[in-house]
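All remarks here apply to the structure that follows.
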Amino acid sequence: MRLFATIAAFALAQDDSECGADMLEYEGFCMDKTQENMEMIQEFISLNLDGGLERTKKRSQRVTMLLARTNFDSMVDENGDKLRPKKFIERINNYGCYCWARAEDKLNGYGTPLDSLDASCKTLSQCHTCIKLDYSEETCNPYDQKYSAKIRKNNGTIEVECTNKLNKKENNNGDCKRDLCECDKAFADNFAKGSKNYKFFQKKIKKKFLKG
Numbered sequence: 001m002r003l004f005a006t007i008a009a010f011a012l013a014q015d016d017s018e019c020g021a022d023m024l025e026y027e028g029f030c031m032d033k034t035q036e037n038m039e040m041i042q043e044f045i046s047l048n049l050d051g052g053l054e055r056t057k058k059r060s061q062r063v064t065m066l067l068a069r070t071n072f073d074s075m076v077d078e079n080g081d082k083l084r085p086k087k088f089i090e091r092i093n094n095y096g097c098y099c100w101a102r103a104e105d106k107l108n109g110y111g112t113p114l115d116s117l118d119a120s121c122k123t124l125s126q127c128h129t130c131i132k133l134d135y136s137e138e139t140c141n142p143y144d145q146k147y148s149a150k151i152r153k154n155n156g157t158i159e160v161e162c163t164n165k166l167n168k169k170e171n172n173n174g175d176c177k178r179d180l181c182e183c184d185k186a187f188a189d190n191f192a193k194g195s196k197n198y199k200f201f202q203k204k205i206k207k208k209f210l211k212g
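Number 133 in the numbering used here belongs to position 133 of the sequence shown; there are no gaps in the numbering.
Next up, the structure:
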């Protein structure tokens, strides 16, 4: 009960959909009310990662979706231990040239991707750039804009459904939220498909930090 109460205190309201009684509500997401998800949320909200808590919060939806989509409880490190959220995020944070590159409040980078994971991060950065061009960074900033989604397990597979309604009315940012969610969803899907092959799951790697 204490764990659930702590999680509930950090829950944020949905924009376009409400979570059912059988689901958790966190960071704009509706998630299955499982012990695994409760533990993941509790661990994530207690993190204080490299780069500062504020920067971590700005990408917290993306990271939460990524962790859920890859089923973090099944991930192990080079010692066979569970790769818990803190260690997982520390490894992907500033990985390669594009994975949340070390630059003030930005996720973009430059250079040749280090591997397929880094290439996925580059694609995500390009997707965000397109969104800023479509809607203007002032009204649709990928680092600050929150969106809504449902994350559920279906036949053993974690599925993500972006739930912000498409609305073409003037001065409505529903499209911005939906497009941003779809960018992050595609990134999480691509990561999940190749996660078993990524080196940072199995052994420590030499990080190639972005300078600048």
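Ideal Cβ positions, reconstructed from N, Cα and C, are used throughout, including at glycine. All of these numbers come straight from a predicted model, not from anything done at the bench.
Distance from the CA atom of K87 to the CA atom of S60, rounded to whole angstroms, is 15 Å. Its chain contains C97 as the residues whose beta carbon lies nearer than 7 Å to that of G111, once the 5 sequence neighbours on both sides are disregarded; these appear in chain order.
In terms of CA proximity to N93, C121 leads the group G80, E78, C121. Taken through DSSP and simplified to helix, strand or coil, Y95 comes out as strand.
Going by DSSP, A68 is part of the alpha helix (DSSP H) stretching over 60-69. Ranked by how close their Cα comes to the Cα of T34, the residues I151, T139, L124, D118 have I151 in first place. Sequence-distant partners of F187 (beyond 5 residues in either direction) whose C-beta falls short of 8 Å from its own C-beta, in its chain, are R62, L66, S120, C121, T123, L124, C127.
According to DSSP, residue pairing for D32 in a beta bridge involves M23. For the pair G80 and Y147, the Cα-to-Cα distance works out to about 35 Å. Rounded to the nearest whole angstrom, the CA to CA distance from L166 to D175 is 5 Å. Checking the DSSP bridge columns, you'll see A149 partnered with F29, C162. With fewer than 16 other beta carbons inside 10 angstroms of its own, N155 counts as exposed.
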